[in-house]
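Chains A and B supply the protein sequences, listed in that same order.
Throughout the first sequence, residue numbering follows the numbering used here, covering 305 to 881 in sequence.
Throughout the second sequence, residue numbering follows the numbering used here, covering 1081 to 1268 in sequence.
Glycine included, each C-beta is placed from N, C-alpha and C at the ideal position.
Just so we're clear, the structure is a prediction, and the values are computed from it rather than from any experiment.
Accompanying notes for the structure given below.
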Amino acid sequence: MEPFPSSPALWTGLAQIVVFAGLIVLLARPVGGYLARVYAGERTLLSPVLAPLETGFYALAGVRPDRDMGWKSYALAVLMFSAASTALLYAILRFQHLLPLNPQGFGGLAPDLAFNTAVSFVTNTNWQSYGGETTMGHFAQMAGLTVQNFASAAVGMALALAFIRAFARQNASGIGNFWADLTRGVLYVLLPLSVLAAVAFIAMGVPQTLAASVEATGVEGGSQTIALGPVASQLAIKMLGTNGGGFFNANSAHPFENPTNLSNLLQMLLIFVIGAGLTNTFGRMVGDTRQGWAILAAMGVLFVAGAVLLLVIESGANPALVAAGIDPALGNMEGKEVRFGIGASTLFATITTAASCGAVNAMHDSFLPLGGMIPLVNILLGEIIVGGVGAGLYGFLLFIVVAVFLAGLMVGRTPEYLGKKISAREVKLTLLAILCVPLAVLGFLALAAVSPDGLKGVQDAGPHGFTEMLYAVASAAGNNGSAFAGLTANSPFWNTGLAIAMLVGRFAMIVPMLAVAGALAAKPKVPESAGTFPTHGPLFVGLMVGVILIVGGLTFFPALALGPIAEHAAMLAGQTF
Amino acid sequence: MEHVRPAIVLLALFTLLTGIAYPLAVTGIGQTLFADKADGSLIRDGERVVGSRLIGQSFTGPAYFWPRPSAAGDGYDAAASSGSNLGPTSAALVEQVTARTGQLREAGVTGPVPADLATASASGLDPHISPAAAAVQVARVAAARGLGEAQVAALVREHTQQPLLGLFGAPAVHVLDLNLALDRLTRQ
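Following this line, the structure appears as structure tokens:
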């Protein structure tokens, strides 16, 4: 890489990373406190309006919110709700031509695409094998996809709360009530914040109408069909719930889905706000807020490192295009919007992949080889750098179990975290949860790379084509949903394979995670002693960063060498494919 | 089996609340408070819709500032947004960019070509170009309209927005606004 360039755009790019990180730190405490009150069932500002609604929901559903569930019951409830959600969404997508509010008259989706999309939205992945404005009617967008944007996010948050309780409680047989956690997440957190954000987005220019499109005759006389719809309401929850599925094909790069830098900043904040707040909720519930800050600090180190690297890389230019006559001053602008420039494009790309959101305001496929590797690595590290709402925190807590196990091995003590002794069973289950994602990624990648059906969808030749496939499977199994969109994934092979990867990435992780939660909740807390490893200081933060990078690096380095690293070498040698 | 009823009932209730009531309520609020924006920030010339202020459109005549190359449909198809998604070592990308810089050279652009003017945007509907991309077009537009270059350059500055708080985003020239302002100026 060239020595650090000194363009002013680069300095503002660095400054915006610092300002953004500062805003998130400021938001973490109030949001974390609010979440803690909501999930404890305490009264909040919104209770006068929402408490009757909540009680009504429980009455209709036959739920007793104060009845604790053991881990098996909690897991069964999650699986049951997700199965019902997948079935309903699949039906809506297959039969949208028979349903109301379909002004464009779109047909029902093919079985493989409907299956892929239903799984995608229920697992909070929001991978899109389709283009929104050419496939989905308003009813499917609203009553199908938007509902799962709320529900899948609330499921993730509920699971995080269940895992937090495992550390907060002792000698307990239960880890909370899933139905109460789910309902409270939707009613008190996601819905009110989405209404506020959606109205703010409309004020910034995001459309919200039931009209399908408008016909324009341009200044030079050409005709232009401008697709419209209820965009703002879907956009708000798409960001807040780290879903990422766009109303339009171009997602948050579309000027209707992200008109200004203010809407862009709000979107970036919405992606991180709940995930960052949950670290604070964790600290409060285990009775030591420093534990939450230590987690956020470790996430912050990895986040800032990725954001700075991506900014510097994309500020450079593609030598092949410079040779074709382009001025390198603006950086790598293929697949980026002028209003965002390199700074706001690369910051958004880092956030959306760190957080398993998957919304994009620039096309990751057209990043420089090493630039495209940064979002890819964010995903491959396990979606725990803040991570998806809830999923990020429980993923990170699983890595903590591994880290204290390693630290225990080094000093020859029984590993413990927050007074809980970690025994062999929990470590085994944790490794099972953590290893299912690499297994899904590398297994399916190997299959796709030798299968004619897999290779058919690849757009670019050479190492970049391999990276397109690697990114797709990583995005699916990591429940991220962003893409190297040159890959045409709307085929039975990719739709089905990626759907399976998404299911493995979500549920094969959740079930062992809940088993660990159940085991930990039942244990007593041992008092701290002189030999206790402090888990709130810089040493612990360093240990976490090291463990995450080593586990991710050892697992995926060979695949990265075949893709982005090989392509970087080819680019420097002036080779094209 | 105790979980079957809550799963089905809560899913139905969430569908009504977040899938129907929420988007319709937001639509009501938006249409009441910000009707123009909720309808897509349309620009009208009498009865005719000229476009949306937010959506880029195609300009090819020498008297207009040209927008960026677009990969949306056949170009600026606002019903099929898309980037090219071509990778950095794609031969097709290099060919495309070479062809575009060649066309710009024929249109009188000298020196290195501003990157945004020869590369496709992420959405294919980018309404902006960089100040540098506008600057290399000033002479052509001024000549085609019989205006002074200083006058056109001043109009470009007037339609240039700065990054939010000086931090977030990049300076950007709004192509449609600028071209409409040019038409108004020439008509006077």
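Rounded to whole angstroms, what's the CA-CA distance from residue i to residue j? Just pull it up for me.
i: residue 589/A; j: residue 472/A; result: 6 angstroms
i: residue 1180/B; j: residue 663/A; result: 30 angstroms
i: residue 556/A; j: residue 515/A; result: 20 angstroms
i: residue 824/A; j: residue 732/A; result: 13 angstroms
i: residue 607/A; j: residue 710/A; result: 23 angstroms
i: residue 466/A; j: residue 480/A; result: 6 angstroms
i: residue 358/A; j: residue 1099/B; result: 17 angstroms
i: residue 821/A; j: residue 730/A; result: 9 angstroms
i: residue 1114/B; j: residue 506/A; result: 7 angstroms
i: residue 354/A; j: residue 381/A; result: 23 angstroms
i: residue 533/A; j: residue 1203/B; result: 17 angstroms
i: residue 1245/B; j: residue 316/A; result: 10 angstroms
i: residue 1225/B; j: residue 1128/B; result: 25 angstroms
i: residue 335/A; j: residue 1097/B; result: 23 angstroms
i: residue 464/A; j: residue 762/A; result: 36 angstroms
i: residue 1207/B; j: residue 1187/B; result: 21 angstroms
i: residue 638/A; j: residue 670/A; result: 6 angstroms
i: residue 1277/B; j: residue 568/A; result: Here chain B comprises residues numbered 1081 to 1268, so residue 1277/B is not present and cannot be evaluated.
i: residue 667/A; j: residue 373/A; result: 44 angstroms
i: residue 799/A; j: residue 683/A; result: 20 angstroms
i: residue 875/A; j: residue 623/A; result: 8 angstroms
i: residue 340/A; j: residue 485/A; result: 11 angstroms
Looking at the structure shown, is residue i part of a helix, part of a strand, or coil, going by DSSP?
i: residue 1122/B; result: strand
i: residue 826/A; result: coil
i: residue 362/A; result: helix
i: residue 664/A; result: coil
i: residue 840/A; result: coil
i: residue 474/A; result: coil
i: residue 1135/B; result: coil
i: residue 804/A; result: helix
i: residue 1169/B; result: coil
i: residue 440/A; result: coil
i: residue 1183/B; result: helix
i: residue 872/A; result: helix
i: residue 571/A; result: helix
i: residue 1146/B; result: coil
i: residue 672/A; result: coil
i: residue 1083/B; result: coil
i: residue 588/A; result: helix
i: residue 689/A; result: coil
i: residue 375/A; result: helix
i: residue 597/A; result: helix
i: residue 343/A; result: helix
Can you name the residues that DSSP bridges to residue i?
i: residue 1269/B; result: Examination of residue 1269/B is not possible in this model, given that chain B is present from 1081 through 1268 alone.
i: residue 529/A; result: 519/A
i: residue 1128/B; result: 1125/B
i: residue 678/A; result: Residue 678/A pairs with nothing; no bridge assigned.
i: residue 720/A; result: 725/A
i: residue 631/A; result: 1194/B
i: residue 534/A; result: 512/A
i: residue 1209/B; result: 1253/B
I believe residue i touches residue j by the beta-carbon criterion, under 8 angstroms. Please report the beta-carbon distance rounded to the nearest angstrom.
i: residue 433/A; j: residue 783/A; result: So it is not a contact: roughly 15 angstroms between Cβ atoms.
i: residue 541/A; j: residue 453/A; result: 4 angstroms
i: residue 771/A; j: residue 676/A; result: 6 angstroms
i: residue 405/A; j: residue 441/A; result: 6 angstroms
Would you say residue i touches the ligand PLP, meaning its beta carbon is less than 7 angstroms from a heavy atom?
i: residue 1241/B; result: The model on display carries no ligand, and the ligand PLP is accordingly not part of it.
Could you list which residues in chain E have their beta carbon closer than 7 angstroms to that of residue i, in chain order?
i: residue 766/A; result: Protein chains in the displayed structure are A and B, and chain E is not among them.
Relative to chain B, which residues along the stretch 407-433 of chain A have a C-beta separation below 7 angstroms, given in chain order?
Cβ contacts with chain B come from no residue of the stretch 407-433 of chain A.
Near-chain A residues of the stretch 1174-1200 of chain B - C-beta to any C-beta below 7 angstroms
So the close ones are 1174, 1177, 1178, 1181, 1192, 1193, 1194, 1195, 1196, 1198, 1199 and 1200.
Listed from N- to C-terminal order along the chain, which residues in the stretch 527-558 of chain A have their beta-carbon within a distance smaller than 7 angstroms of any beta-carbon of chain B?
Of all residues in the stretch 527-558 of chain A, only 528, 529, 530, 531, 532, 534, 536, 537, 552, 553, 554, 557 and 558 come within less than 7 angstroms of chain B when Cβ atoms are compared, listed by chain position.
Interface residues of the stretch 1124-1137 of chain B facing chain A [CB-CB below 7 angstroms]
The stretch 1124-1137 of chain B vs chain A, Cβ under 7 angstroms: 1128, 1129, 1130, 1131, 1132, 1134, 1135 and 1137.
According to a CB-to-CB cut-off of less than 7 angstroms, which residues of the stretch 1229-1240 of chain B neighbour chain A?
Cβ contacts with chain A: none found.
Within 7 angstroms of chain B by C-beta, residues of the stretch 366-396 of chain A in sequence order:
Answer in chain order: 366, 367, 380, 381, 384, 385, 388, 389 and 392.
What residues in the stretch 635-653 of chain A have a beta carbon less than 9 angstroms from any beta carbon of chain B?
Hits within the stretch, in order: 635, 636, 637, 638, 639, 640, 641, 642, 643, 644, 645, 646, 647, 648, 649 and 651.
If the cut-off is 8 angstroms on Cβ atoms, which residues from the stretch 1084-1099 of chain B count as contacting chain A, listed in chain order?
Taking a C-beta cut-off of 8 angstroms against chain A, the contacting residues of the stretch 1084-1099 of chain B are 1084, 1085, 1086, 1087, 1088, 1089, 1090, 1091, 1093, 1094, 1095, 1097, 1098 and 1099, listed in chain order.
Looking at chain A, which residues of the stretch 1137-1154 of chain B have a Cβ within less than 8 angstroms of any of its Cβ atoms?
The stretch 1137-1154 of chain B vs chain A, Cβ under 8 angstroms: 1137, 1138, 1139, 1140, 1141, 1144, 1148 and 1152.
Chain B contacts made by the stretch 611-636 of chain A, where a contact means CB separation under 9 angstroms
The stretch 611-636 of chain A vs chain B, Cβ under 9 angstroms: 621, 622, 624, 625, 626, 627, 628, 629, 630, 631, 632, 633, 634, 635 and 636.
Please list the residues of the stretch 846-876 of chain A that have a C-beta atom closer than 8 angstroms to any C-beta atom in chain B, keeping them in chain order.
So the list reads 871, 874 and 875, given in the order they occur along the chain.
Under 8 angstroms (Cβ pairs) to chain B, residues found in the stretch 727-759 of chain A
So the list is empty, because no residue satisfies the distance condition.
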